[in-house]
Amino acid sequence: MFGAFRATIIAYGGLLWKMPAEMNKTRKANVRKRLKAVDKVIAVVAESGVKCKALTLALQLPKESEMKPRDKYTVFSKKHKGYRKDWIWILLRWAKTQYTLFLINRVQIH
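Rendered as structure tokens:
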């Protein structure tokens, strides 16, 4: 209607991408694969003899095999019911960083 400011099909029709309510097997497998890759990197750095605070904190985190499914596939969120948020694969990179910091702090408290 107003040239560059006209409404798009997406604005008229709502969300174009429909997100499923639960993760499928492929997405869960990809999450596990990424967690295992992180575990390997931490192990290699630890074996190399490097010593730093970040590595010490990373070694305190549970490995993929020790984590509960709740911790693998959901993220802490104070806004959601049960304080857990599904859809971990949609989160932005900064949110995943915040989640990692949350896990590190939780390990230090307990």
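Heads up: the sequence shown is residues 1144 to 1253, going by this note's numbering.
Note that CB positions come from ideal geometry on N, CA and C, so glycine has one too.
Fair warning: this is a prediction, and the values are worked out from it, not measured in the lab.
Every unbroken stretch of the alpha helix (DSSP H) spanning 4 or more residues and falling wholly within the segment 1167 to 1233 is given here in chain order: 1168 to 1190, 1196 to 1203 and 1212 to 1216. Separation of L1198 and K1206 (C-alpha to C-alpha, rounded to the nearest whole angstrom) is 14 angstroms. Counting only residues of its own chain and dropping the five nearest sequence neighbours on each side, D1229 has a CB closer than 6 angstroms to the CB of T1217.
Taking the Cα positions, V1174 is about 26 angstroms away from S1191. Taking the Cα of M1166 as reference, the smallest distance to any Cα among A1180, V1187, K1215 and K1221 is reached at K1215. Inclusion of A1172 and I1185 in the CB contact set at 8 angstroms is not warranted, their separation being larger than that value.
Of L1178, K1221 and V1188, the smallest CA-CA separation from E1209 is found for L1178.
Leaving aside the five residues that flank S1220 on each side, the residues in its chain whose CB is nearer than 8 angstroms to its CB run, in chain order, Y1226, R1227 and K1228.
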